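To start, the structure under review is shown below, and the notes come after it.
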Amino acid sequence: MEQILYELNEEQRRAVQTIDGPLLILAGAGTGKTKTITTRLAYLIDLGVDPASILTLTFTNKAAKEMRDRAFALIGDHLPSQPLLCTFHKFGLLFLRRYIHKLGRDRNFVIIDTDDKKRIIKSFKTDLPLSVVATEISRYKNSLISPEEAVASAKLENFKEISRLYLEYQNYLSENNLVDFDDLLILTYRILEGDPDIALSVSREYNFIMVDEYQDTNDIQNRLLMKLCSSHDNICVVGDDDQSIYGWRGANINNILYFHEHFSNAKIIRLEKNYRSTRKILEAANRLIEHNRNRLGKHLEAVREEGADIEVLASRDEQEEAARIAEKIGRLIDRGEDPAKIAVLFRINALSRSIEEALTKARIPFQLVGAIRFYERAEIKDIISYLRIISNPRDEFSLKRVINRPKRGVGKVTYERLHSLALHEGIGIMELLLKLPEEEIVRVVGRKSGRSLKGFAYAIDLLHQKSLQGDLENFIDEFERLIGLREYYSHLPDGMERVLNIDEFYGLFRDHMREQRGSTLEEFLAEISLQSDQDQLDGKRVSIMSVHASKGLEFKHLFVIGMEEGFFPLTGDGCDIEEERRLGYVAITRAMDRLTLSYVRKRFYRGRRSSLEKSRFLGEAGLCKGSIKIERKSLFKKGDLVKHKLFGIGRVIGISRAGKEFKLSINFGGTVREILASFVERI
DNA sequence: TAGAAGCAGATTTTT
DNA sequence: TCTGCTTCTA
40 MEQILYELNE
50 EQRRAVQTID
60 GPLLILAGAG
70 TGKTKTITTR
80 LAYLIDLGVD
90 PASILTLTFT
100 NKAAKEMRDR
110 AFALIGDHLP
120 SQPLLCTFHK
130 FGLLFLRRYI
140 HKLGRDRNFV
150 IIDTDDKKRI
160 IKSFKTDLPL
170 SVVATEISRY
180 KNSLISPEEA
190 VASAKLENFK
200 EISRLYLEYQ
210 NYLSENNLVD
220 FDDLLILTYR
230 ILEGDPDIAL
240 SVSREYNFIM
250 VDEYQDTNDI
260 QNRLLMKLCS
270 SHDNICVVGD
280 DDQSIYGWRG
290 ANINNILYFH
300 EHFSNAKIIR
310 LEKNYRSTRK
320 ILEAANRLIE
330 HNRNRLGKHL
340 EAVREEGADI
350 EVLASRDEQE
360 EAARIAEKIG
370 RLIDRGEDPA
380 KIAVLFRINA
390 LSRSIEEALT
400 KARIPFQLVG
410 AIRFYERAEI
420 KDIISYLRII
430 SNPRDEFSLK
440 RVINRPKRGV
450 GKVTYERLHS
460 LALHEGIGIM
470 ELLLKLPEEE
480 IVRVVGRKSG
490 RSLKGFAYAI
500 DLLHQKSLQG
510 DLENFIDEFE
520 RLIGLREYYS
530 HLPDGMERVL
540 NIDEFYGLFR
550 DHMREQRGST
560 LEEFLAEISL
570 QSDQDQLDGK
580 RVSIMSVHAS
590 KGLEFKHLFV
600 IGMEEGFFPL
610 TGDGCDIEEE
620 RRLGYVAITR
630 AMDRLTLSYV
640 RKRFYRGRRS
650 SLEKSRFLGE
660 AGLCKGSIKI
670 ERKSLFKKGD
680 LVKHKLFGIG
690 RVIGISRAGK
700 EFKLSINFGG
710 TVREILASFV
720 ERI
């Protein structure tokens, strides 16, 4: 242990050895955050703390895995018990499997993803945009407002509608025994809140709690943490307020800014020695982030040498930009540079196209990270839906998705007929199809559809029986034989790629069943719904990805494209300039040796070619002189009529500053709300 | 029911 | 410009 501690710098060592009471480790980019947290875990175990009483929460499976590996590398994996290292959501899942009966629900629930959530909402018929409804429902849920309370308090038309949808949605979830991502945390919190005995025993179970990427926690996660450490206060959080980039998803930067108020007597340790980037790169990042007001404040200090100048690349348009960057990358590779150490970043995915084309043309192998996610592909979701029906034949949400895939002649009308007949009989559709003799079904839905539906029901039933028999290693082969999804997709356009995906998924299934003997279908489904696929970096090719996707990574040679006002920073509806700046900071601090920031004068986007100003961030980072003018005067004045996406039309009754933006007091039919000027438009 | 045509909308996305 | 969804027609 002495040896391990010796490798740390003074602050890191202090962070590792401070074990009692609340501790905030403010760890800037590239300051050895993971090293510190994993060493701390090892240190606790070395002190004789029972490993099973240490809980480490992360945001991604990837981070959890990396930490586990690194901690075990320090202490070996032959321990008397295992520390729990997992994501917040996984923790919620484990907890709910144990305690959800306290809320009168069955432990056999299924987890749905965001896409499923939207589909469910959509089935309730609404004219409001689905994504808005989905986020608003999340907001209600995370504020612990029940559907009934929401319905009772909604005044505006749109909110009446949203609260109605919220109510229907929650009912749907409990009727079908579904749980969404929010529920994994919220239901956990509700149980802890409602039952002090459970809260106490769980809190005593985990005597030491560590949290990674604390700046990205939302309110519920923070409240959950308070509950978990209520009996001991041994909570250590690691994060960087300057890297908080998920505010738009409900992450609350105030959790980290006011940590010392939520957890009294908190100690703060700052890690400010950056081992990653050259001094020039780091100084640019520091200059940029200093333009933010809402921060705890820290100044990264370079350990490395001064390094090369940051290059600012100005091009005519995106074609020229992409060609020049491809050429530079080509030269690096020719000189023997490892392509895996090169990356191109952008603020919005739509900008990846020109780069993809230019790299393809230059014959440079690359990989687009996180574009369409594996588990969200249609063919994969189809298999998952099948597995869900097999596991739980009453899951009509999944049934609806696949009843006509492969084609069985079941359209809207047929499905409705089946649905109302099942309703009439008081049973589920699957049950109906199984019980009713074929002639009956044929009479209701016609000859062709009837026959194939009967075959479908038999197949599902057979697979259901088989899934209960234990050993599932050959299950997926039987599945394909009976359902023929792979076969079906192979004849469709894009068949090749889809078949490859299906094969990969089947492979994952077999691996899972082989590695975890006796695992059930239900366990497999829960596992994959909490899986993301950020581990896809293959370590051989040039990476191109969004700035968000790059968090936590580092590259020797880094290119950031689209450094223009309106693209980076994004400036439209609902944009938060400080968060944009933090994104800029995250982007810059990914670079180790060489950084190129690129902008264009004209860009083709959404079918229009527009002239652009270079990004204000270039000026703020001290990389060029003429920084663009920031608007001094508000575009609005008292008395203006404005329109808001949700609140509708209102009148401006007051204007105040909020950083570099303006905050408006707007009267919407009697209710006054404070809203940032960028959220409304004048009418 | 299934394919064709017409039309709006379009950030970032750990689980 | 491109995509994904609704509406129209055979």
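Just so we're aligned: the first sequence equals residues 40 to 722 in my numbering.
All residues carry an ideal CB built from backbone N, CA and C; glycine is no exception.
Only a predicted model underlies this, so the values are computations on that prediction, with no experimental measurement involved.
Start-to-end residues for the beta strand (DSSP E) that takes in residue i
| i | result |
| --- | --- |
| residue 723 | The first residue shown for the chain is 40 and the last is 722, placing residue 723 beyond what the model contains. |
| residue 329 | No beta strand (DSSP E) contains residue 329, which DSSP labels as neither H nor E. |
| residue 405 | 405-407 |
| residue 647 | 647-650 |
| residue 588 | Per DSSP, residue 588 belongs to no beta strand (DSSP E) and is neither H nor E. |
| residue 399 | Not the beta strand (DSSP E): residue 399 falls in the alpha helix (DSSP H), residues 391-400. |
Own chain residues within Cβ distance below 8 angstroms of residue i, not counting five before or after
| i | result |
| --- | --- |
| residue 661 | 322, 323 and 326 |
| residue 305 | 60, 61, 62, 63, 298 and 299 |
| residue 75 | 47, 51, 54, 55, 64, 66, 277 and 310 |
Neighbourhood of residue i by C-beta, 7 angstroms cutoff - its chain only, sequence neighbours within 5 removed
| i | result |
| --- | --- |
| residue 263 | 224, 227 and 228 |
| residue 371 | 381 and 596 |
| residue 557 | 509 |
| residue 265 | 301 |
| residue 506 | 429, 430, 514 and 560 |
Endpoints, alpha helix (DSSP H) assigned at residue i
| i | result |
| --- | --- |
| residue 686 | Residue 686 -> no alpha helix (DSSP H), and no H or E assigned at all. |
| residue 58 | Taken as a continuous stretch (DSSP letters only), residue 58 belongs to no alpha helix (DSSP H), as it is neither H nor E. |
| residue 208 | 196-214 |
| residue 164 | Counting along the chain, residue 164 falls outside any alpha helix (DSSP H), and DSSP gives it neither H nor E. |
| residue 497 | 486-506 |
| residue 423 | 417-430 |
| residue 227 | 220-233 |
| residue 656 | 655-659 |
Residue i classed as buried or exposed, judged by whether at least 16 other C-beta atoms fall within 10 angstroms
| i | result |
| --- | --- |
| residue 431 | buried |
| residue 242 | buried |
| residue 670 | Because the pLDDT of residue 670 is 45, which lies under 50, any placement of that residue in the model is unreliable, and the number read from its coordinates should be weighed accordingly. Exposed, because fewer than 16 other Cβ atoms sit within 10 Å of the Cβ of residue 670. |
| residue 462 | exposed |
| residue 162 | exposed |
| residue 106 | buried |
| residue 523 | exposed |
| residue 631 | buried |
| residue 437 | buried |
| residue 156 | buried |
| residue 360 | buried |
| residue 69 | buried |
| residue 260 | buried |
Cβ separation of residue i and residue j, assumed to be a contact under 8 angstroms, to the nearest whole Å
| i | j | result |
| --- | --- | --- |
| residue 92 | residue 246 | 4 angstroms |
| residue 139 | residue 172 | About 26 angstroms; that fails the 8 angstroms criterion. |
| residue 486 | residue 512 | Between residue 512 and residue 486 the Cβ distance is about 38 angstroms, and since that is not below 8 angstroms, they are no contact. |
| residue 569 | residue 83 | With 8 angstroms as the limit, residue 569 and residue 83 do not qualify as a contact, their Cβ atoms being about 26 angstroms apart. |
| residue 118 | residue 94 | Between residue 94 and residue 118 the Cβ distance is about 15 angstroms, and since that is not below 8 angstroms, they are no contact. |
| residue 311 | residue 340 | 5 angstroms |
| residue 1 | residue 634 | With the chain covering only 40 through 722, there is no way to say anything about residue 1. |
| residue 586 | residue 538 | Incorrect: roughly 33 angstroms between the Cβ atoms, too far for contact. |
| residue 629 | residue 593 | 6 angstroms |
C-beta atoms of residue i and residue j nearer than 8 angstroms
| i | j | result |
| --- | --- | --- |
| residue 423 | residue 499 | no |
| residue 284 | residue 72 | no |
| residue 64 | residue 85 | no |
| residue 309 | residue 50 | yes |
| residue 181 | residue 255 | no |
| residue 351 | residue 657 | yes |
| residue 765 | residue 531 | Lying before the first or after the last residue shown, residue 765 is absent from the chain, which here runs from 40 to 722. |
| residue 390 | residue 600 | yes |
| residue 267 | residue 248 | yes |
| residue 433 | residue 465 | no |
| residue 318 | residue 346 | yes |
| residue 355 | residue 639 | yes |
| residue 492 | residue 521 | no |
| residue 96 | residue 134 | no |
| residue 654 | residue 607 | yes |
| residue 148 | residue 217 | yes |
Close Cβ partners of residue i (< 6 angstroms) along its chain, the five nearest in sequence each way excluded
| i | result |
| --- | --- |
| residue 706 | 689, 690 and 692 |
| residue 567 | none |
| residue 551 | 563 |
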